[in-house]
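**Student:**
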Amino acid sequence: MTTKPLSGAAILIKSLEDLGVDVIFGYPGGAVLPIYDEIFQQTKIRHILVRHEQAAVHAAEGYARSTGKPGVVLVTSGPGATNAITGLTDAMLDSIPVVCLTGQVPTHLIGSDAFQEADTVGISRHCTKHNYLVKDVDKLSSIVHEAFYVATNGRPGPVVIDIPKDVQIQTSDVLHSGRISHRSYKPQLKGDIENIREAVELLASAKKPIIYSGGGVINSGPAAAQLLREFVKMTGFPITSTLMGLGAVSGTDKHFLGMLGMHGTYEANNAMHKCDVMLCLGARFDDRVTGRLDAFSPHSKKIHVDIDRSSINKTVHVDLPIVGDAAHVLEDMIKVWKSGVHSADKEALADWWTQIETWRDRKCLNYTQRDDVIMPQYAVQRLYELTKDRKPYISTEVGQHQMWAAQFYMFEEPNHWLTSGGLGTMGYGLPAAIGAQVAHPDKLVIDIAGEASILMNIQEMSTAMQYGLPVKVFILNNEYMGMVRQWQDLNHEGRYSNSYTEALPDFVKLAESFGAVGIRAEMPDELDGAIMEMIASDKPVIFDCRVAKLENCYPMVPSGAGHHEMILADAEDHEEFSGGAALV
Amino acid sequence: MTMNQKIIGTKLNATALENTASHTISVIVDNEVGVLARVIGLFSGRGYNIESLTVAPDDMEGQTSRITIVTTGTPMVIEQIKAQLDRLVPVIRVGDLTLDGPSVERELALIKVAPNPEDREEARRIAEAFRAKTVDSTKGSFIFEVTGKTEKITAFATLMQELGLVEVVRTGVAALARGQDKL
Numbered sequence: 283m284t285t286k287p288l289s290g291a292a293i294l295i296k297s298l299e300d301l302g303v304d305v306i307f308g309y310p311g312g313a314v315l316p317i318y319d320e321i322f323q324q325t326k327i328r329h330i331l332v333r334h335e336q337a338a339v340h341a342a343e344g345y346a347r348s349t350g351k352p353g354v355v356l357v358t359s360g361p362g363a364t365n366a367i368t369g370l371t372d373a374m375l376d377s378i379p380v381v382c383l384t385g386q387v388p389t390h391l392i393g394s395d396a397f398q399e400a401d402t403v404g405i406s407r408h409c410t411k412h413n414y415l416v417k418d419v420d421k422l423s424s425i426v427h428e429a430f431y432v433a434t435n436g437r438p439g440p441v442v443i444d445i446p447k448d449v450q451i452q453t454s455d456v457l458h459s460g461r462i463s464h465r466s467y468k469p470q471l472k473g474d475i476e477n478i479r480e481a482v483e484l485l486a487s488a489k490k491p492i493i494y495s496g497g498g499v500i501n502s503g504p505a506a507a508q509l510l511r512e513f514v515k516m517t518g519f520p521i522t523s524t525l526m527g528l529g530a531v532s533g534t535d536k537h538f539l540g541m542l543g544m545h546g547t548y549e550a551n552n553a554m555h556k557c558d559v560m561l562c563l564g565a566r567f568d569d570r571v572t573g574r575l576d577a578f579s580p581h582s583k584k585i586h587v588d589i590d591r592s593s594i595n596k597t598v599h600v601d602l603p604i605v606g607d608a609a610h611v612l613e614d615m616i617k618v619w620k621s622g623v624h625s626a627d628k629e630a631l632a633d634w635w636t637q638i639e640t641w642r643d644r645k646c647l648n649y650t651q652r653d654d655v656i657m658p659q660y661a662v663q664r665l666y667e668l669t670k671d672r673k674p675y676i677s678t679e680v681g682q683h684q685m686w687a688a689q690f691y692m693f694e695e696p697n698h699w700l701t702s703g704g705l706g707t708m709g710y711g712l713p714a715a716i717g718a719q720v721a722h723p724d725k726l727v728i729d730i731a732g733e734a735s736i737l738m739n740i741q742e743m744s745t746a747m748q749y750g751l752p753v754k755v756f757i758l759n760n761e762y763m764g765m766v767r768q769w770q771d772l773n774h775e776g777r778y779s780n781s782y783t784e785a786l787p788d789f790v791k792l793a794e795s796f797g798a799v800g801i802r803a804e805m806p807d808e809l810d811g812a813i814m815e816m817i818a819s820d821k822p823v824i825f826d827c828r829v830a831k832l833e834n835c836y837p838m839v840p841s842g843a844g845h846h847e848m849i850l851a852d853a854e855d856h857e858e859f860s861g862g863a864a865l866v
Numbered sequence: 006m007t008m009n010q011k012i013i014g015t016k017l018n019a020t021a022l023e024n025t026a027s028h029t030i031s032v033i034v035d036n037e038v039g040v041l042a043r044v045i046g047l048f049s050g051r052g053y054n055i056e057s058l059t060v061a062p063d064d065m066e067g068q069t070s071r072i073t074i075v076t077t078g079t080p081m082v083i084e085q086i087k088a089q090l091d092r093l094v095p096v097i098r099v100g101d102l103t104l105d106g107p108s109v110e111r112e113l114a115l116i117k118v119a120p121n122p123e124d125r126e127e128a129r130r131i132a133e134a135f136r137a138k139t140v141d142s143t144k145g146s147f148i149f150e151v152t153g154k155t156e157k158i159t160a161f162a163t164l165m166q167e168l169g170l171v172e173v174v175r176t177g178v179a180a181l182a183r184g185q186d187k188l
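These protein sequence lines map, in sequence, to chains S and P.
Per this note's numbering, the first sequence starts with residue 283, numbered consecutively.
Per this note's numbering, the second sequence starts with residue 6, numbered consecutively.
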C-alpha cells in the first residue's frame, strides 16, 4: 500500500496500531528518541514507563499471558537491549508471545563500538524465536507484521526487531496492511487424523489412563481449555498438570490430581508412574516433571500432542506423536470418541480411581499447623479462601513460595496464573503482575512473592504508583532464599552458604516510601484481617507476611530420583537421597 | 561463499555412542543475513556435532541457499536435529540424505605437495591414479585438485603425506539425492 511518506518511527507506530497494539512497556534512550517522539504525538497506544528493561519484558509477558495477545516492549540500544535479555529468555522458555523493539545505533556506526552499541541480533539470537535487524525503512512495516505473525503463530515466543536510529528517521511510503503469510514458517494446526483415531483407540482400551496437560493448552487459547474440560468429563479420566498448565481444568475438579513433578502431589506422580496410557497435551517432559528419565512412567504407552515437532521425542520416547495445536487435536479427539465406537473401560477405570484415591488419602500437602507462627502454606491457603471469589490473577516470583502457590491456590480459569516456569526468573512476579493489571485494571492482581525475589525488581513499585495499578505483593517472608536453603539441607548437610539475607528492608516502610500501602502480619490470628485489609485497598500494597523460617516444601522428588521416590513432609526419617548433589 | 568446518563437539557418553551414525542433512534456507549463524548456533547451543558444513546460494536469483551438514548422533538425536532445524523461521525444507534413499556425495580438495626431486614422478603417478588434476606446478611443488567421496580424499591426502604434503583445503561435503526428485 502506498501513502504519503512517513518517517520510520511513524511507520512503526502506525503498523503497531494496525496490529491492534494498545499498550507498550518500555524505557526511552538515545537510540529510540524518534519513536518516543511519535508516541508523544498520538493517543491510541498507551506507553507504560517501567524502571528497568527486564521488567518491561516481564510486564509484557504478564500482559500476554493474562490476555492471550502478544506483549510489546520498546527499549533503547546497548544496555537497554542487554537488560531485556533475561526477560526474552524467560519468554522463550515459557513460549510467551512478545515483540521487543530495540533501538540501534545508526547503520553507518554499526560495528564501530559506538556509544551504547551492542550486537543485539547476535546476543538475542539464542533467546528469541526469531529476530530482525531493519536496514531498509521500506521493509520496516512488513517486518513488524511478520514479527507479530512469528511471535503468535505455532509455538509462541519472543521476537526482537532491532531498528537503527537512521532508519527511524528516514521516510518511506511503503505501509504493509492486512494479514501476512510467511513463505517458510507455516505451523501445522490440525493433527493427523489417523494418529488421532489410533490415540482414541489406545485411550479407550486403557486400564490406567492419565492426561498430563501443560502450557500448550493455555497458549492454544480458552477454546482448548474448554475442550479439555469436555474431554475429561466425557472420559472420566484423571488429569494432572504441569506448573505452566494450571487453570486449564479447574483446580477443584475431582478429576484433577494437582500438579505433577518435583513438587507435585503424591497422587499425580504415582498415577504418572503407574499409568498404562499417558496422553500428554502441550507439555514437554521437562526435567522438573519427569525426574530421573529411566524411571519415568516405565509401563505406559505415551501419546504426545504438541505444536512443536522438536518437543516430541526430545527426552522421552513417545509411542504416538501428534503434531498439532491442542484445541484442534482435542476437537478431533472428542469427535472421534463421540462417533460411538469408543467408551472407556468403566470397570478398569473404577479400579484405577480406587487406587488413586488411596494415594490421595495420603494427603501429601498436609503440614503441621502452629499457632505461634504463620505457616507459609497456611498463608497461601487463607489468601486463596479470601480471594477466590474475585478470580484474581496470580503471579509469582521463583522459589518455595512459587511452589506453595502452585500447590495451594486452585485456579478455576486459564490465563490467571503467571509464573516463570522454564527459566525460573526471580524478579518475575511484580512486573508480570503490573502487566496483568494494565490489561485488567478492575481485577484483583496478586504477586505471591518471597522476600529475596521481590528485591530483584522492587523498583517497579514506582511504576505501579505512577499508573495507579493497585497490584498486591504478598511476600512470604522467611528471611531465607528458601528453596536454596532447602537444597542445602538436602544436598549440602545444612551448610546455609549465602542463603540468609541479612539487612532486609522494612517492607512496610518501603511500601510507604513509594506511596503504597504496607501491611505486616506476624501471627496466624491476625492473618485474615490483614489479607482483607490488603484486598480492600485501592492502592498498591506490599504485604509482609512473616512465616516460619525453616519450613521446607514437600512433597519433593529430589533431582535424580524417580516419581515413586518422593519425599513426603511427614516422613521425617526419609533416607538421604544420594546422587542429587551434582544435579540441578 | 563456501566453507568447511570441523568441530569436535560434545563428548557423547558410552551408551549413546553405541547407535551413533553419520548423517548428511540438507537444509534449504531463505538467503537472509544471519541464517548461517542461526544454524551453527543451534548446533553449538544444543551440543550437536558438525563434521562438515557447506553453504552457498542454490538458485539463480540468490533467494535461497542450500546448507549441507554432515553430523553424527543416535537416531533420537538425528531426529531432534532435523526437528530443531525445521522450526527455525528462515528454514524452508530439511532433508536427511542418509535416510531418505540413495544419494551422491562429493567433496573437492586442493592439495599442495612439495616433493623431493626424486619423488615428483611418484606424486604425479598417484595423482593420476586418483584422477586428480594438476592445477598449479612449480619447480618444487604441485597443487592437485581432487574430487570424490570423503574417504577418497582422505586416502589421497594420506598418501601425499609421505611425499611432502604442505597443506590441504577441503570444501566439505556436497550431496544430492539420486533420481529426478527435488528436495
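Every residue, glycine too, gets a C-beta built ideally from N, C-alpha and C.
Please read all numbers here as calculations on a predicted model, not as lab measurements.
#1: What separation, rounded to the nearest whole angstrom, lies between the Cα atoms of Leu288 (chain S) and Thr453 (chain S)?
#2: Assign Val109 (chain P) to one of two classes, buried (16 or more other C-beta atoms within 10 Å of its C-beta) or exposed (fewer than that).
#3: How many whole angstroms separate the CB atoms of Leu758 (chain S) and His683 (chain S), which I take to be in contact at a CB cut-off of 8 Å?
#4: Step through the CB atoms of chain P and report whether any lies within less than 8 Å of the CB of Leu705 (chain S).
#5: Taking Cβ to Cβ, would you say Ala429 (chain S) is nearer than 8 Å to Ile443 (chain S)?
#6: Take the Cβ of Pro122 (chain P) as the centre, count every other Cβ of all protein chains shown within 10 Å, and call the residue buried at 16 or more, exposed below.
#7: Between the C-alpha atoms of Ser625 (chain S) and Val618 (chain S), what's the straight-line distance to the nearest angstrom?
#8: Give the straight-line distance between the Cα atoms of Gly52 (chain P) and Gly709 (chain S), rounded to the nearest whole angstrom.
#9: Alpha carbon to alpha carbon, how far is Asn435 (chain S) from Asp304 (chain S)?
#10: Please classify Pro107 (chain P) as buried or exposed, where buried requires at least 16 neighbouring CB atoms within 10 angstroms.
#11: Excluding the 5 residues flanking Lys16 (chain P) on each side, which residues of the same chain have their C-beta closer than 8 Å to its C-beta?
#12: In three-state DSSP terms, what is Thr524 (chain S)?
#13: Return helix, strand or coil for Pro557 (chain S), following the three-state DSSP convention.
#14: Does the beta carbon of Arg407 (chain S) come closer than 8 Å to any beta carbon on chain P?
#15: Rounded to the nearest angstrom, what separates Met743 (chain S) and Gln508 (chain S) at their Cα positions?
#16: Kindly indicate which residue of P:Met81, P:Ser49, P:Thr73, P:Asp105 has the alpha-carbon position closest to the one of Val96 (chain P).
#17: Could you tell me which chain S residues have their CB closer than 9 Å to the CB of Arg111 (chain P), listed as they occur along the chain?
#18: Taking only beta-carbon positions, decide if Asn18 (chain P) is within less than 8 Å of chain S.
#19: With the cut-off set at 8 Å, would you say Val332 (chain S) and Ala341 (chain S) are in Cβ contact?
#20: With a threshold of 8 Å between beta-carbons, can Gly14 (chain P) be considered close to chain S, or not?
#21: Can Gly473 (chain S) and Arg566 (chain S) be called in contact, C-beta distance under 8 Å?
#22: Any beta-carbon of chain P closer than 8 Å to the one on Leu850 (chain S)?
#23: Is there a Cβ of chain P sitting closer than 8 Å to that of Arg591 (chain S), yes or no?
#24: State buried or exposed for Ile475 (chain S), treating a residue as buried only when at least 16 other CB atoms are found within 10 Å of its CB.
#25: On the CB-based measure, 16 or more other CB atoms within 10 Å of its CB, does Met8 (chain P) come out buried or exposed?
#26: Starting from Val499 (chain S), find everything on chain P with Cβ-Cβ shorter than 7 Å and list it in chain order.
#27: Which residue wins for smallest C-alpha separation from Glu413 (chain S), given the options S:Ser423, S:Ala400, S:Val381?
#28: Quick one: is Gly50 (chain P) near chain S, going by C-beta distance under 8 Å?
#29: Between the stretch 815–824 of chain S and the stretch 746–753 of chain S, are three or more C-beta pairs nearer than 8 Å?
#30: Taking Cβ-Cβ distances shorter than 8 Å, what residues in chain S pair up with Arg92 (chain P)?
#31: Here's the rule I'm using: 16 or more other beta-carbon atoms within 10 Å means buried, otherwise exposed. How should Ser359 (chain S) be labelled?
#32: I'd like the span of the beta strand (DSSP E) that includes Val531 (chain S), first residue to last.
#33: Taking Asn595 (chain S) as the query, report the chain P residues whose CB atoms sit under 9 Å from its CB, ordered along the chain.
#34: Helix, strand or coil: how does DSSP classify His624 (chain S) here?
#35: Terminal residues of the continuous beta strand (DSSP E) containing Ala803 (chain S)?
#36: Using the beta-carbon of each residue, which ones in chain S are nearer than 7 Å to Asp35 (chain P)?
**Tutor:** Working from what's here:
#1: For this step, residue 288 (chain S) is matched to residue 6 along the first sequence. For this step, residue 453 (chain S) is matched to residue 171 along the first sequence. Approximately 5 Å, taken between the alpha carbons.
#2: Against the second sequence, residue 109 (chain P) aligns to sequence position 104. Classification of Val109 (chain P): exposed, given that the 10 Å Cβ count is below 16.
#3: Here the question's residue 758 (chain S) lines up with position 476 in the first sequence. Here the question's residue 683 (chain S) lines up with position 401 in the first sequence. About 4 Å; that satisfies the 8 Å criterion.
#4: As a working note, residue 705 (chain S) is residue 423 in the first sequence. By this cut-off, Leu705 (chain S) is not an interface position.
#5: Position 147 of the first sequence, counted from the first residue, corresponds to residue 429 (chain S). Position 161 of the first sequence, counted from the first residue, corresponds to residue 443 (chain S). Yes.
#6: Sequence index remark: in the second sequence, residue 122 (chain P) carries index 117 (1-based). It is exposed - the Cβ of Pro122 (chain P) has fewer than 16 other Cβ atoms within 10 Å.
#7: Translated into the one-based positions of the first sequence, residue 625 (chain S) becomes position 343. Translated into the one-based positions of the first sequence, residue 618 (chain S) becomes position 336. About 11 Å.
#8: Here the question's residue 52 (chain P) lines up with position 47 in the second sequence. Here the question's residue 709 (chain S) lines up with position 427 in the first sequence. Straight-line Cα distance between these residues: approximately 30 Å.
#9: The residue you call residue 435 (chain S) lines up with position 153 of the first sequence. The residue you call residue 304 (chain S) lines up with position 22 of the first sequence. Going by the C-alpha atoms only, they are around 20 Å apart.
#10: Working through the second sequence from its first residue, we reach residue 107 (chain P) at position 102. It is exposed - the Cβ of Pro107 (chain P) has fewer than 16 other Cβ atoms within 10 Å.
#11: As a working note, residue 16 (chain P) is residue 11 in the second sequence. Low confidence applies here, because Lys16 (chain P) scores a pLDDT of 36, under 50, leaving its location unreliable and the question unanswered by this model.
#12: Residue mapping note: residue 524 (chain S) aligns to position 242 of the first sequence, counting from 1. Three-state result, Thr524 (chain S): coil.
#13: Position 275 of the first sequence, counted from the start, is the residue given in the question as residue 557 (chain S). Before going further, note that residue 557 (chain S) is Cys rather than Pro in the sequence given. Cys557 (chain S) falls in the coil class under three-state DSSP.
#14: Position 125 of the first sequence, counted from the first residue, corresponds to residue 407 (chain S). Cβ-Cβ to chain P under 8 Å: yes for Arg407 (chain S).
#15: Indexing the first sequence from 1 puts residue 743 (chain S) at position 461. Indexing the first sequence from 1 puts residue 508 (chain S) at position 226. Going by the C-alpha atoms only, they are around 36 Å apart.
#16: Numbered from 1 along the second sequence, position 91 holds the residue referred to as residue 96 (chain P). Comparing Cα positions, the closest option is P:Thr73.
#17: In the second sequence, the residue the question calls residue 111 (chain P) occupies position 106. Result: empty, since nearest Cβ-Cβ is about 27 Å, beyond 9 Å.
#18: One-based indexing of the second sequence puts residue 18 (chain P) at position 13. With a pLDDT of 44 at Asn18 (chain P), under the threshold of 50, the predicted position of this residue should be treated as unreliable, though the coordinate-derived value follows. By this cut-off, Asn18 (chain P) is not an interface position.
#19: Counting from 1 along the first sequence, the entry for residue 332 (chain S) is found at position 50. Counting from 1 along the first sequence, the entry for residue 341 (chain S) is found at position 59. Cβ distance < 8 Å, so Val332 (chain S) and Ala341 (chain S) count as in contact.
#20: Here residue 14 (chain P) is taken as the residue at index 9 of the second sequence, counted from 1. With a pLDDT of 33 at Gly14 (chain P), under the threshold of 50, the predicted position of this residue should be treated as unreliable, though the coordinate-derived value follows. No, no contact with chain S.
#21: Looking up residue 473 (chain S) in the first sequence gives position 191. Looking up residue 566 (chain S) in the first sequence gives position 284. No, Cβ-Cβ distance for Gly473 (chain S) and Arg566 (chain S) is not below 8 Å.
#22: As a working mapping, residue 850 (chain S) is identified with position 568 in the first sequence. It does not: the Cβ of Leu850 (chain S) has no partner Cβ on chain P nearer than 8 Å.
#23: Sequence index remark: in the first sequence, residue 591 (chain S) carries index 309 (1-based). For Arg591 (chain S), the answer is yes, since a Cβ of chain P falls inside 8 Å of its Cβ.
#24: As a position in the first sequence, residue 475 (chain S) is number 193, starting the count at 1. It counts as exposed.
#25: Here the question's residue 8 (chain P) lines up with position 3 in the second sequence. Note on Met8 (chain P): pLDDT 35, under 50, position unreliable in the model; no value is reported.
#26: As a first step, residue 499 (chain S) is located in the first sequence; it is residue number 217 there, counting from the start. Result: empty, since nearest Cβ-Cβ is about 20 Å, beyond 7 Å.
#27: Taking the first residue of the first sequence as 1, we reach residue 413 (chain S) at position 131. One detail in the question is off: residue 413 (chain S) reads as Asn in this sequence, not Glu. Comparing Cα-Cα distances from Asn413 (chain S) to each of S:Ser423, S:Ala400, S:Val381, the minimum goes to S:Val381.
#28: Taking the first residue of the second sequence as 1, we reach residue 50 (chain P) at position 45. Answer yes: the Cβ-Cβ gap between Gly50 (chain P) and chain S drops below 8 Å somewhere.
#29: yes
#30: Along the second sequence, read from residue 1 onward, the residue named residue 92 (chain P) stands at position 87. Simply Gly436, Arg437, Asp590, Arg591, Ser592.
#31: Position 77 of the first sequence, counted from the first residue, corresponds to residue 359 (chain S). Buried is the call here.
#32: By 1-based counting over the first sequence, the position of residue 531 (chain S) is 249. Note, Val531 (chain S): premise wrong, no beta strand (DSSP E); not H, not E.
#33: The residue labelled residue 595 (chain S) in the question sits at position 313 within the first sequence. By Cβ distance, chain P contributes Met81, Glu84, Gln85, Ala88.
#34: Within the first sequence, numbered from 1, the residue matching residue 624 (chain S) stands at position 342. DSSP places His624 (chain S) in coil when its eight states are reduced to three.
#35: The count along the first sequence starts at 1 and reaches residue 803 (chain S) at position 521. Per DSSP, Ala803 (chain S) belongs to the beta strand (DSSP E) from 799–803.
#36: Numbered from its first residue, the second sequence carries residue 35 (chain P) at position 30. Those within 7 Å of Asp35 (chain P) in chain S are Ser466.
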